[in-house]
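If you're matching them up, the sequences are chains D and R in order.
Here the numbering used here runs 482 ahead of the position in the first sequence, where the first position is 1.
Here the numbering used here runs 482 ahead of the position in the second sequence, where the first position is 1.
Virtual Cβ for every residue (Gly too), placed ideally from N, Cα, C.
To start, the structure under review is shown below, and the notes come after it.
Protein chains: 2
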Amino acid sequence: MDIKTAITHFSALAQETRLEVFRLLVKAGSDGMLAGDIADALGVRQNTMSSNLSVLSNAGLLQSQREGRFIRYSIDFENLSELLSFLMEDCCGGDPEACQAAIDKIMKCC
Amino acid sequence: MDIKTAITHFSALAQETRLEVFRLLVKAGSDGMLAGDIADALGVRQNTMSSNLSVLSNAGLLQSQREGRFIRYSIDFENLSELLSFLMEDCCGGDPEACQAAIDKIMKCC
DNA sequence: TCCATATATCAATAGTTCATGATATATGGA
DNA sequence: TCCATATATCATGAACTATTGATATATGGA
Chain D
483 MDIKTAITHF SALAQETRLE VFRLLVKAGS DGMLAGDIAD ALGVRQNTMS
533 SNLSVLSNAG LLQSQREGRF IRYSIDFENL SELLSFLMED CCGGDPEACQ
583 AAIDKIMKCC
Chain R
483 MDIKTAITHF SALAQETRLE VFRLLVKAGS DGMLAGDIAD ALGVRQNTMS
533 SNLSVLSNAG LLQSQREGRF IRYSIDFENL SELLSFLMED CCGGDPEACQ
583 AAIDKIMKCC
């Protein structure tokens with residue numbers, strides 16, 4: 483991951499509708515959700531949602547797959563992994579104990 | 483953490499100089515670095531760096547501490563933890579196995 | 001082929017953000 | 001007290017971003 487890509491990722495998350503979409507899809511897991519259902523769930527107009535989905539998708543945070551007339555979006559966990567690894571590269575001055583403590587703090591999810 | 487705070491965090495990271503500062507301070511670990519040394523290390527003018535440091539600091543991503551004429555900045559790991567937990571809340575539809583796999587992918591750092 | 005539905009794109013306006021130069025504040029030392 | 005150094009703040013113009021209304025594209029079904 484280079485810094486430009488990382489900035490694109492964070493910019494994509496730095497907007498209310500898109501961050502809500504991302505969190506909704508994190509909760510949805512690998513099944514993802516259809517574009518229209520995402521828009522309905524968040525009460526956002528169709529074209530606004532479409533452009534926000536394309537920002538997240540172009541950034542690489544989402545994957546999409548056409549299913550007939552529908553398009554299904556889901557989190558791209560591979561890319562998310564690279565982003566967070568980039569952010570935490572060589573963390574804590576290479577001190578494994580300090581580093582582990584920091585990671586424990588960070589990853590309380592689930 | 484509420485969504486406005488999270489957006490402030492991601493906005494702070496969505497800019498090249500600030501992302502470089504953040505990564506530099508991640509590498510520096512709990513010792514942090516002096517404001518002037520950060521500016522020198524990244525080749526950024528003093529006032530530009532000062533305002534970028536205050537964006538990161540106001541967002542809550544950095545802590546700062548005065549040492550005489552100097553100010554030392556370091557990562558606020560507590561806040562970073564909350565941000566990432568917020569991002570990953572209820573991840574993978576509550577499926578612990580899928581969730582653990584995702585976390586393993588994400589946290590390859592160190 | 002025609003229509004309805006699902007999603008994407010476009011153009012324009014309004015709002016936000018960035019780096020810069022100038023200046024202000026704060027601390028330490030002579 | 002005066003000066004030098006370290007950092008912060010302010011005003012400005014340029015660049016970027018978001019939402020909206022309108023419209024286009026794509027797919028499936030009649």
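Expected contact under 8 Å - CB spacing of residue i and residue j to nearest Å
{"i": "residue 503 of chain R", "j": "residue 520 of chain R", "result": "6 Å"}
{"i": "residue 583 of chain D", "j": "residue 496 of chain R", "result": "Incorrect: roughly 27 Å between the Cβ atoms, too far for contact."}
{"i": "residue 509 of chain D", "j": "residue 581 of chain R", "result": "Actually they are not in contact, since the Cβ atoms of residue 509 of chain D and residue 581 of chain R sit about 11 Å apart, beyond 8 Å."}
{"i": "residue 492 of chain R", "j": "residue 492 of chain D", "result": "5 Å"}
Selected residue, minimal CA-CA separation from residue i, among the options
{"i": "residue 550 of chain R", "options": "R/501, R/517, R/506 and R/495", "result": "R/517"}
{"i": "residue 484 of chain R", "options": "R/577, R/564 and R/579", "result": "R/564"}
{"i": "residue 575 of chain D", "options": "R/579, R/556 and R/577", "result": "R/556"}
{"i": "residue 513 of chain D", "options": "D/545, D/540 and D/530", "result": "D/545"}
{"i": "residue 487 of chain R", "options": "R/552, R/527 and R/539", "result": "R/539"}
{"i": "residue 566 of chain D", "options": "R/577, R/578, R/586 and R/579", "result": "R/586"}
Cut-off 8 Å between Cβ atoms - residues of its own chain near residue i, not counting five sequence neighbours on either side
{"i": "residue 506 of chain R", "result": "515, 520, 523 and 524"}
{"i": "residue 529 of chain R", "result": "none"}
Beta-carbon contacts of residue i that lie in its chain and below 6 Å, excluding the five residues immediately before and after
{"i": "residue 457 of chain D", "result": "Residue coverage of chain D in this structure runs from 483 to 592, which leaves residue 457 of chain D outside it and unanswerable."}
{"i": "residue 534 of chain D", "result": "499 and 500"}
{"i": "residue 547 of chain R", "result": "554"}
For residue i: DSSP bridge partner residues
{"i": "residue 552 of chain D", "result": "D/549"}
{"i": "residue 544 of chain D", "result": "D/557"}
{"i": "residue 516 of chain D", "result": "D/554"}
Buried versus exposed, by CB contacts within 10 Å (16 or more), residue i
{"i": "residue 558 of chain D", "result": "buried"}
{"i": "residue 571 of chain R", "result": "exposed"}
{"i": "residue 511 of chain D", "result": "buried"}
Close Cβ partners of residue i (< 7 Å) along its chain, the five nearest in sequence each way excluded
{"i": "residue 537 of chain R", "result": "494 and 500"}
{"i": "residue 561 of chain R", "result": "542 and 543"}
{"i": "residue 526 of chain R", "result": "499"}
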